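Read the structure below first, then the notes.
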Amino acid sequence: MNMKRTNYRVNSGVRFRMLSDDQLRELFEGVLHVLEYTGLEVHHAESREILKKAGAWVDGKRVRIPRWLVKKSLDLAPRSFTLFARDGNREHDIHIGPGRGHFGPGPTCPNFIDVETLERRPYVKSDVPLVAKVVDALPNIDFCESLGTVGDVHHDLGALYEFAGMFPNTSKPIVAWSYDKFDSEAIHKIAITEAGGQEAFERRPNYVHYCEPLSPLVSTFEALDKLVFAARRRIPLVFTPCPIAGGTAPVTAAGIITQGAAESWMGLTIAQAIQPGLPFIMGGVFSVMDMSSMILAYGAPELPLMMAGLTELAHYAGLPLWQTGGCTDSKTFDEQAIIEGSMSVFFSALTGGDLCHDVGYTESAMTGSVFQLAAMDEAIGYSRRITRGIEVNDDSLAVSVIHDVGPNAHYLREAHTRRYYKNEFWYPNLCDRRNYEEWEMMGKKTFKDKTVARVHDILAAHQPSSIKPETEKVIQEVLEEAEDRVTSDEWVNRTHDD
Numbered sequence: 007m008n009m010k011r012t013n014y015r016v017n018s019g020v021r022f023r024m025l026s027d028d029q030l031r032e033l034f035e036g037v038l039h040v041l042e043y044t045g046l047e048v049h050h051a052e053s054r055e056i057l058k059k060a061g062a063w064v065d066g067k068r069v070r071i072p073r074w075l076v077k078k079s080l081d082l083a084p085r086s087f088t089l090f091a092r093d094g095n096r097e098h099d100i101h102i103g104p105g106r107g108h109f110g111p112g113p114t115c116p117n118f119i120d121v122e123t124l125e126r127r128p129y130v131k132s133d134v135p136l137v138a139k140v141v142d143a144l145p146n147i148d149f150c151e152s153l154g155t156v157g158d159v160h161h162d163l164g165a166l167y168e169f170a171g172m173f174p175n176t177s178k179p180i181v182a183w184s185y186d187k188f189d190s191e192a193i194h195k196i197a198i199t200e201a202g203g204q205e206a207f208e209r210r211p212n213y214v215h216y217c218e219p220l221s222p223l224v225s226t227f228e229a230l231d232k233l234v235f236a237a238r239r240r241i242p243l244v245f246t247p248c249p250i251a252g253g254t255a256p257v258t259a260a261g262i263i264t265q266g267a268a269e270s271w272m273g274l275t276i277a278q279a280i281q282p283g284l285p286f287i288m289g290g291v292f293s294v295m296d297m298s299s300m301i302l303a304y305g306a307p308e309l310p311l312m313m314a315g316l317t318e319l320a321h322y323a324g325l326p327l328w329q330t331g332g333c334t335d336s337k338t339f340d341e342q343a344i345i346e347g348s349m350s351v352f353f354s355a356l357t358g359g360d361l362c363h364d365v366g367y368t369e370s371a372m373t374g375s376v377f378q379l380a381a382m383d384e385a386i387g388y389s390r391r392i393t394r395g396i397e398v399n400d401d402s403l404a405v406s407v408i409h410d411v412g413p414n415a416h417y418l419r420e421a422h423t424r425r426y427y428k429n430e431f432w433y434p435n436l437c438d439r440r441n442y443e444e445w446e447m448m449g450k451k452t453f454k455d456k457t458v459a460r461v462h463d464i465l466a467a468h469q470p471s472s473i474k475p476e477t478e479k480v481i482q483e484v485l486e487e488a489e490d491r492v493t494s495d496e497w498v499n500r501t502h503d504d
C-alpha cells in the first residue's frame, strides 16, 4: 500500500493536555502580577543588589520584579540542553527538551528501608553507594539522588557525603544539593576533576545543582548563596519551592501554581542576571496539607494534578520543569505504594515532566526505599510504552502482510513479526505473565518477592564504571577539609550577611 501524503499530521506520542492556552495565559499573567506588585522577601544582600542593578525594585528585603525583567529572563533561559554521563556513556546522557520526561530519586529522607531486613531505620553513609548502584542499573531511572540525608556524620556535611558516595557508583547525571557554598565548592571540585577542568565541565556538565526557596514567598540566604555560586560557575540549576496547599500556599490548585511559579522565577531572574543563558529548571513539589493528619500528602491525586498544571505552565513559559512522582504515603511496600507511585509517574510521563524526582519516596517523604524505586522503574517502563504512541506508516499498517496471511492463519512465521516484536512490545522485568502452572512451578513469587530479589541481584553483581584516580584523591581531600572546617571556631561562630 503506497500512500502519497500532503498536509499530513503525525502525533509522535500520547500526551496529556489539561489547561487551554487561555488558562495558561491567565496563570502566566498571575505570576507576573505577584512578582511585580507583591514581590518576595530576599534574605541575601548580594542577590538584592544583583536584582536592583537588573531593574528590580528593592525596599529593604522585599523585592518586586517588573514583568519586562521576568520576560527577559525567561527568554534568556534555554528550553533544551544536555546533562552528560560522567564516563561518556551516551546512553546515560539526559537530553532536556520538549516531549522528553526523565526520572530519578529524591534526597533528604531521614529514614531508609534496610536492604537486608526490610525494616525502617535512620539513613546512614553506607546507604549512599547502594542507592547509586541501583540507580545505575535500573534502565528507566535516568538521574541519581541519594534517597536520604546521611545521619551518621556532622549535620552540616550530609549533602557532601551523599555526593561523594554517589559519584563513584553511578555514571548517570546527579542532582546535587548542599547546605551552603562551602560544600557546594567541594562538590563542584569533585565534578570538575572528573570532567577535566572547569571549561570541560561547562561543555559537558555532569551534575545539576538543586536549591530550594521557602514558601510562602521567601528566598532564603542559604538558597540564594548556593544559586549565586552555581550561576557563576555555569552549573545547571534547579530552583524548586515546596509549597503546601492550604498551609504555606493557597488551597486551590491555580493558587499554589501561581505562588510556586513566582517563587521559582525569582531565582530564575537572579540566575539569568548573573549568567545569561544558564540552564535553569523551574521547580515544584506541590501537594496538599491533609487536614486530618496535617502532613504533606505525597500520594494524593492532587500532587500529579498540580504537577501537571505546573508542567504546562513551565512549558508555556519556555522552561523545563523539575517534576515530582513515584512517591507514596504508604509506610510499607504494599498495594498502596504501588498504586500511588504508579499513578504519579504515569501522569508525569503523560505531561512530559522534564526531570521527575522523588521516585522511591515513601511515608510522605520521611523514608527512602530502593524497593519502591525498583518497582517504579517497572511503572515508568510501562508508562513510556504508552506515551511512545502508535507509529503509522506503510510498513506498520501491515496491509500487505494481512493480505498474505489471509483468514484463519497466524503471524508467528512472518518476517514482519520478527522485525517488530522486540521493540513494538514492552516486556516486564517484575510483572508476571506466565500461566498459573508455570508461576506455581517457579515458586509462586509475588511482585514484592521479585522486586526484593532484583535489588539484591543488582547490589551483588552490578559494577558501575570507575572514576579517575585523581577524582578519588580529591574526594578524600575535600571530605578531610570539610571535617576540619566544621569543628573550627570560625565555623561555630559564623553569621550570615543577609
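Taking my numbering as reference, the numbering of the sequence shown is continuous, increasing by one, and the terminal residue is 504.
Glycine is no exception: its CB is placed at the ideal position from the N, C-alpha and C atoms.
Being a predicted model, the structure only gives us computed values, none of them experimental.
Residue i versus residue j - alpha carbon distance
{"i": "Y167", "j": "L418", "result": "54 Å"}
{"i": "H462", "j": "Y129", "result": "18 Å"}
{"i": "L327", "j": "R96", "result": "22 Å"}
{"i": "H194", "j": "A201", "result": "10 Å"}
{"i": "P113", "j": "D158", "result": "16 Å"}
{"i": "L75", "j": "S270", "result": "14 Å"}
{"i": "P285", "j": "K77", "result": "16 Å"}
{"i": "H288", "j": "K232", "result": "The residue asked about is misnamed: residue 288 is Met in this sequence, not His. If you take the alpha carbons of M288 and K232, they lie about 16 Å apart."}
{"i": "G449", "j": "A404", "result": "40 Å"}
{"i": "T246", "j": "C217", "result": "6 Å"}
{"i": "F453", "j": "G103", "result": "34 Å"}
{"i": "S53", "j": "L80", "result": "18 Å"}
{"i": "I464", "j": "A415", "result": "43 Å"}
{"i": "R3", "j": "N399", "result": "Because residue 3 is not part of the residues shown, which for the chain are 7 to 504, the question remains open."}
{"i": "I396", "j": "W432", "result": "13 Å"}
{"i": "A488", "j": "L163", "result": "7 Å"}
{"i": "E205", "j": "L220", "result": "33 Å"}
{"i": "L210", "j": "P310", "result": "Reading off the sequence shown, one finds Arg at residue 210, where the question assumed Leu. If I take the Cα positions, the gap works out to 32 Å."}
Cβ of residue i within 8 Å of any chain B Cβ
{"i": "S293", "result": "Protein chain content of the structure displayed is limited to a single chain, and chain B is not contained in it."}
Cβ-Cβ separation, residue j to residue i (assumed contact under 8 Å), whole Å
{"i": "H505", "j": "I196", "result": "What is shown of the chain runs 7 to 504, which leaves residue 505 out entirely."}
{"i": "A380", "j": "F34", "result": "Their Cβ separation, rounded to whole angstroms, is 38 Å, which puts A380 and F34 out of contact at 8 Å."}
{"i": "E318", "j": "L30", "result": "6 Å"}
{"i": "V121", "j": "L136", "result": "6 Å"}
{"i": "G290", "j": "L316", "result": "5 Å"}
{"i": "P249", "j": "G266", "result": "5 Å"}
{"i": "A251", "j": "V294", "result": "4 Å"}
{"i": "A268", "j": "L41", "result": "5 Å"}
{"i": "Q281", "j": "A237", "result": "4 Å"}
{"i": "A255", "j": "P222", "result": "6 Å"}
{"i": "D438", "j": "W445", "result": "6 Å"}
Segment limits, beta strand (DSSP E) that includes residue i
{"i": "P475", "result": "Premise fails: P475 lies in the alpha helix (DSSP H), P475 to V492, not in any beta strand (DSSP E)."}
{"i": "I100", "result": "I100 to I102"}
{"i": "R183", "result": "It is Trp, not Arg, that sits at residue 183 in the sequence shown. Counting along the chain, the beta strand (DSSP E) containing W183 begins and ends at I180 to W183."}
{"i": "R126", "result": "R126 to P128"}
{"i": "R210", "result": "Neither: R210 is in no beta strand (DSSP E) and is coded neither H nor E."}
{"i": "W432", "result": "First-last for W432: undefined, no H or E at that position."}
{"i": "D186", "result": "Unbroken run through D186: none, as it is neither H nor E."}
{"i": "F93", "result": "A small correction: the amino acid at residue 93 is Asp; Phe does not occupy that position in the sequence shown. Note, D93: premise wrong, no beta strand (DSSP E); not H, not E."}
{"i": "R68", "result": "R68 to R70"}
{"i": "I119", "result": "N117 to I119"}
{"i": "V159", "result": "V159 -> no beta strand (DSSP E), and no H or E assigned at all."}
{"i": "T317", "result": "Element bounds for T317: not the beta strand (DSSP E) but the alpha helix (DSSP H), E308 to A323."}
Neighbourhood of residue i by C-beta, 6 Å cutoff - its chain only, sequence neighbours within 5 removed
{"i": "H98", "result": "A91, S177 and K178"}
{"i": "T357", "result": "F22, A314 and T317"}
{"i": "W497", "result": "R491"}
{"i": "D296", "result": "A303"}
{"i": "V224", "result": "E47"}
{"i": "R394", "result": "G19"}
{"i": "P174", "result": "I473"}
{"i": "S190", "result": "S184, K232 and F235"}
Residues near residue i by beta carbon distance below 8 Å, same chain, minus five either side
{"i": "R460", "result": "A380, N435 and L436"}
{"i": "V351", "result": "F109, G331, G332, C362, V365, M382, A385, I386 and S389"}
{"i": "V411", "result": "Y417 and E420"}
{"i": "G105", "result": "S18, G19, R21 and G358"}
Unbroken alpha helix (DSSP H) run spanning residue i, endpoints
{"i": "R500", "result": "Here R500 belongs to no alpha helix (DSSP H), and DSSP marks it neither H nor E."}
{"i": "G273", "result": "A259 to I280"}
{"i": "F377", "result": "V376 to R394"}
{"i": "I287", "result": "That residue, I287, is in no alpha helix (DSSP H); its beta strand (DSSP E) goes F286 to G289."}
{"i": "T226", "result": "Neither: T226 is in no alpha helix (DSSP H) and is coded neither H nor E."}
{"i": "Q342", "result": "E341 to T357"}
Other residues of its chain near residue i: CB distance less than 7 Å, five sequence neighbours each side excluded
{"i": "D93", "result": "S177 and S471"}
{"i": "T373", "result": "C115, N117, F118, I119 and R126"}
{"i": "R424", "result": "none"}
Validate contact between the region 344-364 and the region 100-111 using beta carbons, cut 8 Å, 3 pairs: Yes, the region 344-364 touches the region 100-111.
Three or more C-beta pairs below 8 Å linking the region 61-75 and the region 299-306: No contact exists between the region 61-75 and the region 299-306.
Three CB pairs or more closer than 8 Å across the region 139-150 and the region 474-482: Taking one beta carbon from each stretch, the region 139-150 and the region 474-482 have fewer than 3 pairs nearer than 8 Å; the two do not touch.
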